[in-house]
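Read in numbering that gives the first Met the number 0, the sequence shown has 189 at position 190, and its numbers run on one by one without any break.
Beta carbons are placed, not taken as given, at the ideal position from N, Cα and C, and that holds for glycine.
The structure presented is a predicted model; accordingly, all values stated were derived computationally and were not measured.
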Amino acid sequence: MNIIADATRREEIAQALGLVNEEVTAACSAAGRKPDEVRLVAVTKNFPASDVLHLASLGLVDIGENRDQEAAAKAAEVAESAAVRWHFVGRLQRNKAKSVASYAHMVQSVDRKSLVSALSTGAARLDRRLATLVQISLDGDTERGGVAAEDLPGLVDSILDAPSLSLNGVMAVAPLGWEPARAFDALAGLSEQVKQHAPQAREISAGMSGDFAEAIACGATMIRLGSKLLGRRRNVGYPVR
Ligand SMILES: *Cc1c(COP(=O)(O)O)cnc(C)c1O
Numbered sequence: 000m001n002i003i004a005d006a007t008r009r010e011e012i013a014q015a016l017g018l019v020n021e022e023v024t025a026a027c028s029a030a031g032r033k034p035d036e037v038r039l040v041a042v043t044k045n046f047p048a049s050d051v052l053h054l055a056s057l058g059l060v061d062i063g064e065n066r067d068q069e070a071a072a073k074a075a076e077v078a079e080s081a082a083v084r085w086h087f088v089g090r091l092q093r094n095k096a097k098s099v100a101s102y103a104h105m106v107q108s109v110d111r112k113s114l115v116s117a118l119s120t121g122a123a124r125l126d127r128r129l130a131t132l133v134q135i136s137l138d139g140d141t142e143r144g145g146v147a148a149e150d151l152p153g154l155v156d157s158i159l160d161a162p163s164l165s166l167n168g169v170m171a172v173a174p175l176g177w178e179p180a181r182a183f184d185a186l187a188g189l190s191e192q193v194k195q196h197a198p199q200a201r202e203i204s205a206g207m208s209g210d211f212a213e214a215i216a217c218g219a220t221m222i223r224l225g226s227k228l229l230g231r232r233r234n235v236g237y238p239v240r
């Protein structure tokens, strides 16, 4: 890439990150929380690997992706130049689990038992332990991803039984048409339920560009921001499965 365009892009991202950090600090102080209780995950889907390198150079090393092919290609592209932690946040097919387990630091979208065994087997083959979050469908419309609340305890148990997975917490997306505060309150309640059974599962991944302040107010420990950091998504030519 052209060096001037590259410097301009880095500056653009740096400014967006500065603004995000101010807004996160404000949301934390409004909620009586400390900014270091909230980890920022930059969702880079549809943005080039060069943006991941810019983010890493600005100190943001938690990177989210939602499709295996794109994530795997980007992970290979940046592996030599930056140490980033890949968070898989999208709907995952079982036949992609082995691939995802090879580069992901955390899979945030575990929503059914068949994925648990596939991810655990994939991680075991590489002799590693994979962090996971259970994705919960707050309105019970599991077509959009996430486990229904009534199936949550069984899924939690199966992750706790998986030899190569650790259960770190819960994740959700606010359902369409719901007030974000209502959604994230419900998630906080379900997180409490999970923690009674698995006290180490403290992470609450909630909040995207449009609703991260509400998520922070409801106790989010990770927020997942794409457009707010990187601008409008455009297809940069990664293959679609
Ligand atoms: C794309 C995506 C995000 C980021 O969305 P923005 O609105 O661009 O911040 C967060 N979480 C998931 C699961 C996503 O797929």
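Terminal residues of the beta strand (DSSP E) in which residue i lies
i	result
residue 195	Looking at the DSSP string, residue 195 is not in any beta strand (DSSP E); the run it does join, the alpha helix (DSSP H), is 179-196.
residue 87	84-87
residue 219	It is not in any beta strand (DSSP E) - residue 219 carries neither H nor E in the DSSP assignment.
residue 63	61-64
residue 103	103-109
residue 136	129-136
residue 204	202-204
residue 228	Where residue 228 is concerned, there is no enclosing beta strand (DSSP E), although the alpha helix (DSSP H) it sits in stretches over 226-229.
Residue range of the unbroken alpha helix (DSSP H) whose run includes residue i
i	result
residue 20	2-29
residue 120	112-124
residue 51	48-56
residue 153	151-160
residue 77	67-77
Same chain, Cβ closer than 8 Å to residue i, five either side skipped, listed in chain order
i	result
residue 60	54, 81, 82, 83, 84
residue 36	27, 220
residue 169	132, 133, 134, 135, 186, 189, 190, 193, 200, 202, 203, 204
residue 154	109, 110, 111, 112, 115, 133, 146
residue 177	137, 138
residue 167	105, 130, 131, 132, 199, 200, 201, 202
residue 197	155, 159, 166
Residues of its chain near residue i, where Cβ-Cβ distance is below 6 Å and the 5 sequence neighbours each way are ignored
i	result
residue 17	none
residue 24	34
residue 121	96, 97, 100
residue 240	In this predicted model, residue 240 has a pLDDT of only 46, less than 50, meaning its place in the structure is not dependable enough to derive any value.
residue 211	222
residue 242	It is not possible to answer for residue 242, since the shown part of the chain is limited to 0 through 240.
residue 40	61, 63, 86, 221, 223
Separation of residue j from residue i, as counted between CA atoms
i	j	result
residue 74	residue 13	22 Å
residue 9	residue 128	33 Å
residue 138	residue 184	13 Å
residue 236	residue 216	37 Å
residue 29	residue 207	18 Å
residue 131	residue 218	19 Å
residue 106	residue 115	10 Å
residue 141	residue 147	7 Å
residue 109	residue 143	13 Å
residue 162	residue 123	8 Å
residue 90	residue 2	36 Å
residue 5	residue 50	9 Å
residue 157	residue 15	40 Å
residue 226	residue 180	21 Å
residue 56	residue 171	29 Å
residue 126	residue 11	39 Å
residue 195	residue 7	48 Å
residue 42	residue 231	12 Å
residue 66	residue 88	8 Å
residue 79	residue 58	17 Å
residue 32	residue 159	29 Å
residue 174	residue 52	32 Å
residue 22	residue 213	12 Å
Neighbourhood of residue i by C-beta, 7 Å cutoff - its chain only, sequence neighbours within 5 removed
i	result
residue 233	45
residue 71	98, 102
residue 48	73, 76, 77
residue 119	161, 162, 163, 164
residue 228	12, 15, 16, 19, 41
Cβ-heavy atom distance, residue i to ligand 3, below 7 Å
i	result
residue 82	In the structure on display, ligand 3 does not appear, and the ligands it does have are ligand 1.
Subject >> Closer than 5 Å to ligand 1: residues, by C-beta to nearest heavy atom, in chain order >> reply: 42, 65, 88, 207, 208, 223, 224, 225, 226
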